[in-house]
Amino acid sequence: MNMEKIIGIRNDKTIFKDGALVIKTFHKNYTKAQVLNEALNHARVEETELCVPKLLSVTEQNGQWVMVYAYVQGQTLEHIMQKNSDRFDHYLEIFVNLQLEVHQQNIMHLRKQKDRLIEKIEKTDLLATTRYELQRKLDMMRVHKKLCHGDFNPSNIIIDQDGRYYIIDWAHATIGNASGDASATYLDFLINDNQEHAEKYLDLYCQKTKTSKTYVKAWLPIVAAARLLKAKKNEKDKLLEIINQRNDI
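Spelled out as structure tokens, the structure:
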């Protein structure tokens, strides 16, 4: 495999292109179980009606775990939104419709959203009392069985040359409450310093699903805490502010 052309870097993962292949390499701190779990998530989503790149293999190379996918020729929705800012609302509607399509899929045997969130919160450096309050909030949330992407944002959608929308990066996929998934997307817009886009997204999502904005926002401290572990340095202060501001709601 030729791993010279880098096309993406995400936390502890580096993505390369090799002809008709995409090669995702994991940092050596990733365990076999973590990598295989991500591969299993992806394989299960492949069995749904969603468009996802085909997973071809999982292997170990030079002490690092590697996942190989079929390459999808196209551009990310994030790039297209930035390039065509005057059509943001049009692409936002496509984005939200795709997320609703994800939530409508009937899929089994993925990890429960609640379990994953609790595990992440417990691994943070937050005060024990704060972690307890966050878990108490999570216990109060309704339990659903929707497919949740966990990191649904425009950079994880590729539009191919035929206009098909491929959804990538299923590492955080779970079964759970769609409003929690929407809150994570809302948070992503906020963290990227785009309050206007965040509010437009939330308005449209809640309008289409007839969900209370207050309910989606009630998830914010929970998903913000879960994001702390992998957050970049410039994100942590914002996340802590959200956690501290909303932990009394």
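The sequence shown begins at -17 in the working numbering and counts up by one. Beta carbons: idealized from backbone N, C-alpha and C, even for Gly. Given the structure is predicted, the values throughout are model-derived calculations rather than measurements.
### Task
Please classify E75: is it buried, with 16 or more other beta-carbons within 10 angstroms of its beta-carbon, or exposed?
exposed
### Query
Ordered along the chain, which non-local residues of its own chain (more than five positions away) have a Cβ less than 6 angstroms from that of D(-6)?
H9
### Message
Quick check for students: name the residue ranges of the beta strand (DSSP E) that lie wholly in the stretch 140 to 220, counting only runs of 3 or more.
### Response
147 to 149 and 156 to 158
### Query
Taking the C-alpha atoms as reference points, what is the distance between Q16 and L3?
22 angstroms
### Query
Which residues mark the beginning and the end of the beta strand (DSSP E) in which V4 is found?
L3 to F8
### Query
Would a C-beta distance cut-off of 9 angstroms place L210 and K102 closer than the cut-off?
yes
### Task
Mind reading off the beta-carbon distance from I157 to Y148? Whole number of angstroms is fine, and I expect it under 8 angstroms.
Contact doesn't hold; Cβ gap of about 22 angstroms is too wide.
### Message
I'd like the list of long-range same chain contacts for A166, defined as Cβ closer than 6 angstroms, with 5 residues on each side in sequence excluded.
### Response
V205
### Message
Since F171 and Y183 should fall inside the 8 angstroms C-beta cutoff, what is the C-beta to C-beta distance between them, to a whole number of angstroms?
### Response
Contact between F171 and Y183 holds, with the beta-carbon distance rounding to 6 angstroms and staying under 8 angstroms.
### Task
Give every residue of the same chain whose Cβ lies closer than 8 angstroms to the Cβ of R(-8), excluding the five residues on either side of it in the sequence, and list them in chain order.
D151
### Query
Do you know offhand how far I(-12)'s Cα is from A52's?
16 angstroms
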